[in-house]
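Report on the following structure.
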Amino acid sequence: MKLTELTAISPIDGRYSNSTILLRNIFSEYSFLKYRLHVEIQWFKKIISMSQVLNIQYFIKSEEILFLDNILNTFNENDAMDIKKIEKTTNHDIKALEYFLKNKISTCEGLVHISEFIHFGCTSEDINNLAYALMIKDSRDNIILPLWQKILIILNHLMIKYQNIPLLSLTHGQPATPSTMGKEIANFYYRMKRQYLKLRKIEILGKMNGSTGNYNAHLSAYPNINWHKISETFVTSLGIHWNPYTTQIEPHDYIAELFSCITLFNTILIDFNQDMWGYISLNYFNQNIVENEIGSSIMPHKINPIDFENSEGNLGLSNALMNHMIKKLPISRWQRDLSDSTVLRNLGVAISYSIIAYNSVLSGIKKLKINENQLLKNLNQNWSILSEPIQTVMRRYNIKNAYENLKKITRGKKINKNVIHQYISSLNIPEEEKKRLKDITPINYIGFSNKMVDEIE
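In my numbering, the protein residues as written are 39 to 495.
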């Protein structure tokens, strides 16, 4: 059976492939090979740049460097297949890559003379960890952060648009002190923006220091060279932060940090999805009708909040995978075990589920229409929530048992405006305070909520 969107086992490459197609350029096997080839070539070029120090008796011409760069620039699927064919013999993917590169330069007379300096002093993880670091950096900077920014922009727009629309709050699912829809969205905006700023600052680390992190092989060949400094300059030249202390592997702590940040953002977004789902259920929001869409195969009236549900489900899948990686990846037996290898190959899977979720929530938000009439109706049906300001003013004037008195007349009872105003009239407080209390309604008892939207950064 030919592999297509219909025959793929994973929905990432099947049903949701349109949302994740950009990730193929980063996390596919083909792309992983290309990232590793990039690291191998850059390290080879670094060695070439040190030819005098390393006493390499051959002068490399500029056109030979261009030849080397062109191997990467023209890398294609046929090249990737060649590497996989070599791997069938070597049963080792990095050694297959090394042989591929040596084969490629066999037609360049100048480079052939120094072909043994390809992969010089390297363990496989010197190449792999830097390839993964570059992959993670590209996915963060070019895909994840831009999508987070889109979510933040649309939330910022909604919180301003709805900042003066009052909302009956529900604490424990019960009527509570009002807010505004804008302020409730601002709560999520603020929480998500904190994670956005944090994700941007997380240092993505890499190492280039040999079999157990001590430059043993390097020093056996060139004992008087400061390989520690060379490692730093090489790693940072790739746009990666240098990790000077490792075993055979870069310990992946930064991946755990990065995924911890992403999973927290995702958890906040799950909270948002569930709130929006609930507000749609309460009829606080309606959804734009898409003419040809079907909500239910048997109930014609249905317009389901499927985008928020889809987002919630995929965020859960993503977090489950990332949480496993957070716990697993920083642990390695002694100087190296291979249990991280198969896990790292699923980085793109974990991130893909998040990307699907981000696109779904953006789709869902665009369909929302505020139902202000329903919001006002719910507020007008819940005058009992004004027991809070009344008993608070009573406390100000030192009236005993203020809370208990309001509890007796409001708890579990259907209270309207007349009952509230009669009670206010009976209070032994100044007349101007009575008037002020009577001016409070469930609709305007919103505190500082609308003004707080203006103050958020």
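Ideal Cβ placement from N, Cα and C applies to all residues, glycine included.
Check	Outcome
Of the residues I64, N409, Y170 and N326, the one placed nearest I203, counting alpha carbons only	N409
Same chain, Cβ closer than 8 Å to Y234, neighbours up to 5 away in sequence not counted	L183, W186, Q187, L190 and F303
Cα-Cα separation between L135 and S349, rounded to whole angstroms	39 Å
Touch test, the segment 340-347 against the segment 422-430, Cβ-Cβ under 8 Å, three pairs minimum	no
Residues of its chain near N63, where Cβ-Cβ distance is below 8 Å and the 5 sequence neighbours each way are ignored	S69
Cβ contact check for the segment 88-96 and the segment 107-114: 3 or more pairs under 8 Å	no
At least 3 beta-carbon pairs within less than 8 Å: the segment 252-268 vs the segment 149-163	yes
Distance, M363 Cα to V381 Cα	7 Å
I408 (DSSP reduced to helix, strand or coil)	strand
Whole runs of the alpha helix (DSSP H) within the segment 414-474, excluding any shorter than 4 residues	425-434, 440-448 and 455-463
Candidates T285, N466 and I300: closest to L237 by CA position	I300
Segment limits, beta strand (DSSP E) that includes S207	P204 to T209
Contact between the segment 397-409 and the segment 318-328 (3+ Cβ pairs under 8 Å)	yes
N18 and L206 closer than 8 Å at C-beta	Because the chain is modelled from 39 through 495, residue 18 falls outside the range shown and cannot be assessed.
With 16 other Cβ atoms within 10 Å as the buried cut-off, status of I132	buried
Meets three-Cβ-pair contact criterion under 8 Å: the segment 162-169 and the segment 272-292	yes
Integer-rounded CB distance, given that I494 should sit under 8 Å from Y292	Wrong, their Cβ atoms sit about 30 Å apart, outside the cutoff.
T215, enclosing beta strand (DSSP E) - first and last residue	Q212 to T218
Under 8 Å between C-beta atoms of I242 and K175	yes
R178 burial status per 10 Å Cβ neighbour count (16 or more: buried)	buried
P282 and E270 closer than 8 Å at C-beta	yes
Anticipated Cβ contact below 8 Å, M360 with F297, distance rounded	4 Å
Anticipated Cβ contact below 8 Å, F113 with K72, distance rounded	5 Å
Helix, strand or coil at N488 according to DSSP, with G and I counted as helix	helix
Span of the beta strand (DSSP E) around Q325	F323 to Q325
Sheet register partners of W280 (DSSP bridge)	G244
Alpha carbon of N439 to alpha carbon of M432, nearest angstrom	9 Å
Nonlocal neighbours in the same chain, by C-beta distance under 8 Å from Y200, ignoring five residues either side	T218, M219, G220, I223 and I408
Own chain, CB closer than 7 Å to L41, minus 5 neighbours either side, in chain order	none
Residue closest to E163, alpha-carbon to alpha-carbon, out of V77, S392 and V399	V77
Nearest residue (CA-CA) to K476, options V387, I462 and N252	I462
E102 to S144 span [Cα, whole Å]	12 Å
Assumed close pair L353, I389 - CB separation to whole angstroms, cut-off 8 Å	About 12 Å; that fails the 8 Å criterion.
Host alpha helix (DSSP H) of P184 (start-end)	L183 to K199
The alpha helix (DSSP H) enclosing K175, as first and last residue numbers	S162 to S177
Helix, strand or coil at Y96 according to DSSP, with G and I counted as helix	coil
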